[in-house]
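Input: a single structure, listed below in structure tokens.
In the working numbering, the protein residues as written are 11 to 406.
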């Protein structure tokens, strides 16, 4: 029998809940969410509150990242700019802000500001930057980066200049990496000097390998936002080649399974959370959605009963009965639409602000996470999201 070819097997798995993931953690599996530094949306806050570690990517660019807006301090109604634009987040200095958090923890940079606010808003949250993560596991990270540079040098394309501006300059990136000047592994990653950036595929491979080594499991759970589940397929060949090299050529490769099973969970569907001050509004919305679901099930049974009766042969009775069903459905749907519109921060347009962040949680007494957000699978939460999103009002 031929030997199994080493590879990373990505399985996109929406059929687990946050409660399921918490149980897997308790069993010793690795469960990690990779987000960005910045203003966390309710699903990320929910994960943090559940004790799931948040690995915050800090090599995004201020003014460019329109998912987390790291250059801003956001709440549902306003924003405050706290850094310059066009700078890599790990080197973006944080300007003075009126936002309060743990005063005993001074902050100088944007990543420190946002992470400190999460930890103040959600006591016990485990959140750390990508740079911190790679440096904590520096021996593994450095060995993988060096191997990638030897085997797949074409991946190294980006550099960060001394002024914190990142640019695509492939030849310089490879030269800097070969000289040991990789941003996350510098003695002082925040120092104003040019350095190569770890390529995205290499960074992902490092994360997966560390998770597997830490738990000694063949399966790991990695939580994605709306983007990673879409682009991960484009990296499959690169990740497989990296993993094969890592397993055969690194000092720790023999400790890795022939095939690493990555359960990639699309966690952005777990959006049903808000501040404690808004708990009644969210509860009302979820109750309206539950009422609609129950009504539609009841109406379905009544329709079936009617159309199996002799009365359905009467055109006038059929018209009146169907009109009654339609009116009932429209009234309940309108109530759901009203409840949704009372909580507009739950469903802002993609790329827009106006959502609940850690700064709202700080200002409004804590985070409220209803049981449905923890117990329903991501598939079920997505169905609930679509149900609420398409509800229409009776108003013209």
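Think of the CB as a built atom: it goes at the ideal place given N, C-alpha and C, for glycine as much as any other residue. Note that the coordinates shown come from a computational prediction; the quantities given were computed from them, not determined experimentally.
Item, Value
"Inside the region 31-104 only - beta strand (DSSP E) runs reaching at least 3 residues", "41-46, 64-67, 82-84, 89-91"
"Residue 97 to residue 285 span [Cα, whole Å]", "31 Å"
"Alpha-carbon to alpha-carbon, residue 331 and residue 18", "57 Å"
"Simplified DSSP state of residue 210, which is helix, strand or coil", "helix"
"Integer-rounded CB distance, given that residue 41 should sit under 8 Å from residue 31", "5 Å"
"Beta-carbon spacing of residue 76, residue 361 below 9 Å", "yes"
"Inter-stretch contact (C-beta, 8 Å, three-pair minimum) for the region 331-346 and the region 274-289", "no"
"Given residue 150 as reference, the closest of 374, 245, 215 once Cα atoms are compared", "215"
"Residue 225 (DSSP reduced to helix, strand or coil)", "helix"
"Bridge partner(s) assigned by DSSP for residue 232", "42, 274"
"Identified DSSP bridge partners for residue 176", "170"
"CA nearest to the CA of residue 203, picked from 179, 193, 212, 122", "193"
"Cβ-based burial, residue 240 [other Cβ within 10 Å; buried from 16]", "exposed"
"Closest residue to residue 95 among 176, 37, 34, 129 (Cα-Cα distance)", "176"
"Helix, strand or coil at residue 269 [DSSP, three-state]", "strand"
"Cβ-based burial, residue 336 [other Cβ within 10 Å; buried from 16]", "exposed"
"Own chain residues within Cβ distance below 8 Å of residue 25, not counting five before or after", "387, 388, 389"
"Runs of alpha helix (DSSP H) lying entirely within the region 244-313, each at least 4 residues, in chain order", "246-259"
"Residue burial classification, residue 33 (beta-carbon count within 10 angstroms, cutoff 16)", "exposed"
"Buried or exposed by the 16-neighbour rule on C-beta atoms within 10 Å, applied to residue 400", "exposed"
"Separation of residue 161 from residue 222, as counted between CA atoms", "22 Å"
"Bridge partners - residue 132, DSSP secondary structure assignment", "Answer is none; residue 132 lacks a bridge partner."
"Pairwise C-alpha distance: residue 74 and residue 237", "15 Å"
"Test item: CB-CB of residue 384 and residue 27 under 9 Å", "yes"
"Cutoff 8 Å; reference residue 209; Cβ partners in own chain excluding five residues on either side", "158, 165, 166, 167, 168"
"With 16 other Cβ atoms within 10 Å as the buried cut-off, status of residue 14", "exposed"
"Residue span of the alpha helix (DSSP H) that contains residue 335, given as start and end", "325-351"
"Where the alpha helix (DSSP H) containing residue 201 begins and where it ends", "Counting along the chain, residue 201 falls outside any alpha helix (DSSP H), and DSSP gives it neither H nor E."
"Residue 4 classed as buried or exposed, judged by whether at least 16 other C-beta atoms fall within 10 angstroms", "Only positions 11 to 406 of the chain appear in the structure, and residue 4 is not among them; the question remains open."
"Contact the region 53-66 vs the region 292-308: 3+ CB pairs below 8 Å", "no"
"CB contact flag (residue 49, residue 369, <9 Å)", "yes"
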